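Just so you know, we're using the numbering used here here: the sequence shown kicks off at 1 and counts up by one. By construction, the Cβ of each residue, glycine as well, lies at the ideal position given by its N, Cα and C atoms. Just so it is clear, the structure is predicted and the values come from calculations on it, not from any experiment.
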Amino acid sequence: AQYKPILLLSVIDLISQQVINENKIFVSDELLNTFNKYWNILASEYKGGLHYPFFHLQNEGFWHLVLKPNFNGLQPKTTNKLKQAVEYAFLDNELFELIQEPGSRKELIDTLITVWFSASQKEPTEILNINDNFQGVTDQELEEFTSKSKVVVNNDFCEESPNMKPIRDFQGETILLPDSEKYLPSLESIQWHRNNIFRA
1 AQYKPILLLS VIDLISQQVI NENKIFVSDE LLNTFNKYWN ILASEYKGGL HYPFFHLQNE
61 GFWHLVLKPN FNGLQPKTTN KLKQAVEYAF LDNELFELIQ EPGSRKELID TLITVWFSAS
121 QKEPTEILNI NDNFQGVTDQ ELEEFTSKSK VVVNNDFCEE SPNMKPIRDF QGETILLPDS
181 EKYLPSLESI QWHRNNIFRA
């Protein structure tokens with residue numbers, strides 16, 4: 001049953017980074033890689049596969065599938081078979097809109113982690129919250145907080161940025177953190193993220 005919440009966490013992650021920017025969830029490499037990342041963190045003792053929850057979440061009422069015309073009606077047994085069977089999934093519009101709001105998104109993430117995973121496995125909450133601050137960057141493992149709230153940019157990061165300040169120019173700058181302590185990421189979780197996700 002952990003397949004489904006891990007897929008939801010993956011979708012929330014990609015929406016927070018605006019990788020998914022419309023209510024169409026394709027069986028993309030980005031989704032597959034994000035699902036595998038969270039699967040390895042939360043359920044590595046089990047064999048996982050994106051095809052199972054992507055297809056079966058339609059039984060929950062808020063996840064809907066647009067099937068390809070030649071779909072044969074059989075449950076896809078692999079990700080490749082899933083791609084052949086499904087055009088994309090979409091969420092209830094109300095849920096999709098809620099996920100785009102940082103406050104509602106945080107509540108949903110906290111609920112998923114609390115209900116489905118033990119306290120020792122709550123690092124994904126911090127990863128997703130950090131992604132809210134640096135949309136589209138931490139998923140590429142480029143940018144990270146330090147214990148002194150400074151920006152660190154991956155040494156291998158290259159970009160073309162003709163119309164805005166390059167990300168590398170933010171190296172060493174102080175991050176403006178929320179005033180409320182309840183929204184601050186824990187240093188322990190940041191260090192975990194640095195050791196397991198980010199590569200300086």
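- Message: Tell me the residue span of the beta strand (DSSP E) that contains residue 86.
- Response: 86-91
- Item | Distance between residue 96 and residue 78 (C-alpha atoms, nearest Å) | 26 Å
- Out of 34, 98, 58, which has the shortest C-alpha to C-alpha gap to residue 86? 58
- Run through DSSP, which three-state label would residue 5 get? helix
- Query: Taking just the CA atoms, how far does residue 92 sit from residue 73?
  - Reply: 23 Å
- Item | Collapsed DSSP secondary structure at residue 111 in the structure displayed | helix
- Query: Looking only at its own chain, which residues have a Cβ that is under 8 Å from the Cβ of residue 7, when we skip the five neighbours before and after it?
  - Reply: 35, 50, 53, 54, 57
- Query: Is residue 11 helix, strand or coil when you go by DSSP?
  - Reply: helix
- Message: Taking the beta carbon of residue 66 as the centre, do at least 16 other beta carbons fall within 10 Å, making it buried, or is it exposed?
- Response: exposed
- Item | residue 137 burial status per 10 Å Cβ neighbour count (16 or more: buried) | Summary for residue 137: the model assigns pLDDT 41, below 50, so the residue's position carries little reliability, and this model does not support an answer.
- 8 Å contact criterion, which residue 109 and residue 15 should meet: CB distance rounded: No, residue 109 and residue 15 are not in contact; Cβ-Cβ is about 11 Å, not under 8 Å.
- Which residue's Cα is closest to the Cα of residue 210: 21, 103, 170? Only positions 1 to 200 of the chain appear in this structure, which leaves residue 210 out of reach.
- Message: According to DSSP, simplified to helix, strand and coil, what is residue 135?
- Response: Low confidence applies here, because residue 135 scores a pLDDT of 44, under 50, leaving its location unreliable; read the following figure in that light. Coil, per DSSP.
- Task: Throw me the rounded Cβ distance for the residue 38 and residue 82 pair, which I believe falls under 8 Å.
- Result: Not quite, the Cβ-Cβ distance comes to about 18 Å (not below 8 Å), so this is no contact.
- When we look at the beta-carbon of residue 17 and count the other beta-carbons within 10 Å, is it buried (16 or more) or exposed? buried
- Message: From the DSSP secondary-structure annotation, give me the bridge partner or partners of residue 66.
- Response: 88
- Task: Tell me, please, which residues DSSP counts as bridged to residue 25.
- Result: 89
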